[in-house]
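Heads up: the sequence shown at position 8 corresponds to 276 in this note's numbering, and the numbers run straight through without jumps. Virtual Cβ for every residue (Gly too), placed ideally from N, Cα, C. Model, not experiment: these values are computed from the prediction. Have a look at the structure below before the remarks.
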Amino acid sequence: MTTESAPAPAAAPVKKINKKIQRPDKATFEAELKKLEADLQAKMAISKQAQEAIKNFSASGVDNQKRDEIKATLSQLRQKQADIKSQKAKINNEISQVDERIQRRNKEFQAAKSKVNFRSVEELDNHVKDLEKKVDAGTFRIAEERKALNEISNLKKLRKNFGGIEELKSQIDADKQKISELKAQIRAFDSSAISAQYEKAQSELNAINDKSQDIRKSRDALYNRRNQAQKDVDATLKKLKGLKDEYYGQIRAYREQNAAEIAARKERERVEREEAEKERRREVAEEKLEIASEPAFASQIATAKNLLAYFDPSYTAASGSASTSFDELNKTSTRVVEAPAQFKVLKKETEVFFAGTGGKKNKKKASHQEPAKKDDKLTVNFQVVEDLTNLNIAVPTSNADVPKTIEDLKKKIDYYVANEERVTKERIEKAKAEIAKLEAEAEAEAAAEKAEETPKSDAE
C-alpha cells in the first residue's frame, strides 16, 4: 500500500532586484548632517530659555506653603483610605479561603460519613468480633471465610475513620467561627470620619486655587512659548532622523542586494533537502503499511493446522494445503521427547470460583470413565513440542491426551480466524498513526530549520 505525503512547503520568495543599487556618498551625508545638528542646537537653546523662565516664575499672592500642607494632608488621607481598603480586601480574601476550606472539609466529612455504616465504634467492634468467632469456629466454607477475613480487615481500617470524622467536624466549626470574627473586623472599619476630613481639606485647596487663576494665565503664556520652541526642536529632529534613515536605508538596501543571491542559493538547497527527505519518508511509510497489511496470525494458523493434521490424520486444512501426517513428522525429526512412566506434565489451570459439581449425573459419568492405561505412552518429536509450546497448548503425554490437544488446536484456529481481520486493521491503524507522527515531526523540524536560517540570512 502507498500513502500520500504532504506537499513540500513552497520556497520563500526572493526579492527581485531590477537595478544595481549604488552606495550613498558619505561626504554629502556628513555635510548635511552637520548643518542640521547646528540648527538643532540653536533651537534647543531657545527651548531651554523658555523652560528657565517657567522655572523662575513666582506666584506671588498665593500661599504656597498652605497649599502644600493641604496637599500633604490630602495625600495622608488618601493613604489611610487606601490602607483601609487594602485591609478589607485582605480580610475578604481570607474569608474566601476559609469558606473554600469549609466546603472542601464538608465534602470530606460527608464522604467519610457515607463510608461508615455503624453508629458507634462499639457496634463496629462487636461486628468484627462476631465475624472472628465464626472464622475461628470453622463454620464458613473457604470462599466465605476469605470474604469474612477481607471484611474484618476493611472494618479494622474503617475503625480509624471515626476519630477523623469528629476532627473534621470540629475543624469546620472552627472555620465558621473564624469567618464570623473576620466579618466583625470588616464592620469595625469606619471611613466616614476620614471622608469628612478629606472633603474639608479639598474645599480649602479649591479656594487657594481660585486665587491663583490669574497667575496661572501668565504662566500658561510661558508654557505656550516653551511648547512652540519644543515643536521647532521636534521638527528639526524629524529632519535629522529622516536624513539618517534615508542614508542608512540605502546602506541596508546595498547590503541586502549583495545578500540576496546567498539567500536564494540557501533557499534552493533547503527545498532540495526537503524533497529528498519527503521521498525517504514516503518509502518508509509504504514499507510500514505493507508490513502492517499482511494478515494477522498467518503463521500461527498454519502451525495450528499442521499440528491438527499431525494429531488427526483425517483432518484436512480449509486452505487445501498439504498437511504433514503423524508418521511423517516422526520420521523428519531425529530428536524426540518421550514421557517416562512416572512423568507428570504441569498444566496451568484457571481457578473457577463458585463452580458447580455438575450434579449426580455428571458424577456417575465420571466414575464410569476408564482411566488411561499406564503403558499408553506417547512419543512426539521436538518440533511438535516446540510448536505446541509457542501456541500455549499443553503437550500430550499419552494417547488419551490427544483428543484434548486436538480440541485446543481447533479453538486456537477459530480464535485466530475470528480475530484476524480485527488485529490486521489495528496494525494498519497503528502504522498509520506512526506515519502521521513521523510526518508531523518532520514538518516541525523543517519549520525549525527554516526559522533558524531566516535570522542568519537577515544578519548577513
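The stretch 306 to 314 makes contact with the stretch 489 to 503; the number of CB pairs closer than 8 Å reaches 3 or more. In this structure, Arg549 places its C-beta atom within 7 Å of the C-beta atom of Ala710. If you ignore the 5 residues before and after Lys334, its C-beta comes within less than 7 Å of the C-beta of Ile476, all in its own chain and listed in chain order. 7 Å or more divides the Cβ of Val691 from the Cβ of Ala570.
According to the DSSP assignment, Thr504 belongs to the alpha helix (DSSP H) that extends over Gln481 to Ala560. DSSP places Val663 outside both helix and strand once states are collapsed to three, so it counts as coil.
Under the three-state reduction of DSSP output, Asn649 falls in the strand class.
Contact between Leu399 and Ala416 holds, since their C-beta atoms are separated by about 5 Å, short of 8 Å.
Within its own chain, the residues whose Cβ lies closer than 8 Å to the Cβ of Phe297, once the five positions on either side in sequence are excluded, are Leu511 and Tyr515, listed in chain order. When rounded, the separation of the alpha-carbon atoms in Lys705 and Arg372 is 42 Å. With 16 or more other CB atoms across the displayed protein chains lying within 10 angstroms of its CB, Asn574 is buried.
Shown here, Phe377 sits in a helix according to DSSP, grouped into three states.
The Cβ atoms of Thr657 and Phe579 lie no closer than 7 Å to each other. Separation of Arg538 and Lys700 (C-alpha to C-alpha, rounded to the nearest whole angstrom) is 27 Å. If you check the CB distance, Ile462 and Leu345 come in under 7 Å. In the three-state reduction of the DSSP assignment, Gly432 falls in the helix class, which pools H, G and I. Secondary structure at Phe297: helix, using DSSP grouped into helix, strand and coil. Rounded to whole angstroms, the Cβ separation of Lys451 and Ile363 is 7 Å, and the two are in contact under 8 Å.
Assignment of Asp580 by DSSP, reduced to helix, strand and coil, places it in the coil class. A check of alpha carbon separations from Glu558 across Glu720, Ser438, Ile703 and Glu717 identifies Ile703 as the nearest. For the options Lys323, Arg523 and Leu490, the alpha carbon positioned closest to that of Lys288 is the one of Arg523. About 12 Å separates the beta carbons of Thr504 and Leu301, which is beyond the 8 Å limit, so they are not a contact pair. Ala318 is the residue among Glu376, Ala318 and Asp367 whose C-alpha sits nearest the C-alpha of Val501.
The alpha-carbon separation between Thr665 and Lys645 amounts to approximately 6 Å. Within the same chain, and ignoring the five residues on either side of Ala321 in sequence, the residues whose Cβ sits closer than 6 Å to its Cβ are Leu490. Only buried fits Asp676, as 16 or more other CB atoms lie within 10 angstroms of its CB. Secondary structure of Ala710 (DSSP, three-state): helix. The Cβ atoms of Ile359 and Ile440 lie no closer than 7 Å to each other.
Nearest Cα to Lys397 within the set Asp478, Lys424 and Tyr683: Lys424. CA-CA distance, Ala295 to Lys509, rounds to 17 Å. Under a 10 Å Cβ-count criterion, Phe377 is classified as buried, with 16 or more other Cβ atoms of the shown protein chains found around its own Cβ. Beyond the five residues adjoining it in sequence on each side, Asp443 comes within less than 7 Å, by CB distance, of Val366, Arg369 and Ile370 in the same chain, given in chain order. One Cα belongs to Glu390, the other to Glu435, and the distance between them is close to 19 Å.
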